[in-house]
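K.L.:
In terms of the numbering used here, the sequence shown has 851 at position 101, counting the first letter as 1, and numbering is strictly consecutive.
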Amino acid sequence: MEDDAPVIYGLEFQARALTAQTAETDAIRFLVGTQSLKFENQIHIIDFDDENNIINKNVLLHQAGEIWHIGASPADKAVLTTCYNKTSDSEWCPVQRVENAFRLGRWEP
751 MEDDAPVIYG LEFQARALTA QTAETDAIRF LVGTQSLKFE NQIHIIDFDD
801 ENNIINKNVL LHQAGEIWHI GASPADKAVL TTCYNKTSDS EWCPVQRVEN
851 AFRLGRWEP
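(1) Applying the criterion that 16 or more other CB atoms from any shown protein chain within 10 Å of the CB defines a buried residue, is Y834 buried or exposed?
(2) By the DSSP assignment, the beta strand (DSSP E) with C833 in it spans what residues?
(3) Skipping 5 residues on each side, what residues in its chain have a beta carbon closer than 7 Å to that of E774?
(4) Which of the three DSSP states, helix, strand or coil, is assigned to N803?
(5) In angstroms with no decimal places, state the Cα-to-Cα distance between D776 and R766.
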């Protein structure tokens, strides 16, 4: 039996939001949202290839604010939501199709 080395993925900024994308049946995919007051936040879309023990990533800018929660639709792999706040006391939770974010290269709620 062959032992695979552990796979580690590091982030530039602190993150508190993590979810698996269960609607994606062709890949093992996770979504991570960063939480920074000083820098532009990011959504990391992480694909894990368990046959080759490799991670592939896409990073989208999340200019709206620090991400407190990220969610993926259990039925549609193209839909995700982020709950975030700006430096004010208000919080937002928009829903958007991922294709729009990939086309723009950033998350625009």
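By construction, the Cβ of each residue, glycine as well, lies at the ideal position given by its N, Cα and C atoms.
P.N.:
Per the coordinate set shown:
(1) Your numbering for residue 834 matches position 84 in the sequence shown. Buried: at least 16 other Cβ atoms inside 10 Å.
(2) Taking the first residue of the sequence shown as 1, we reach residue 833 at position 83. DSSP places C833 inside the beta strand (DSSP E), whose first and last residues are V829 to N835.
(3) Along the sequence shown, read from residue 1 onward, the residue named residue 774 stands at position 24. Excluding the 5 residues flanking it on each side, E774 has same chain C-beta neighbours closer than 7 Å at K827, in chain order.
(4) Within the sequence shown, residue 803 is the residue found at index 53, counting from 1. Look at N803 here: in three-state DSSP terms it is coil, with no helix or strand label.
(5) Position 26 of the sequence shown, counted from the start, is the residue given in the question as residue 776. Position 16 of the sequence shown, counted from the start, is the residue given in the question as residue 766. Rounded to whole angstroms, the gap between the alpha carbons of D776 and R766 is 26 Å.
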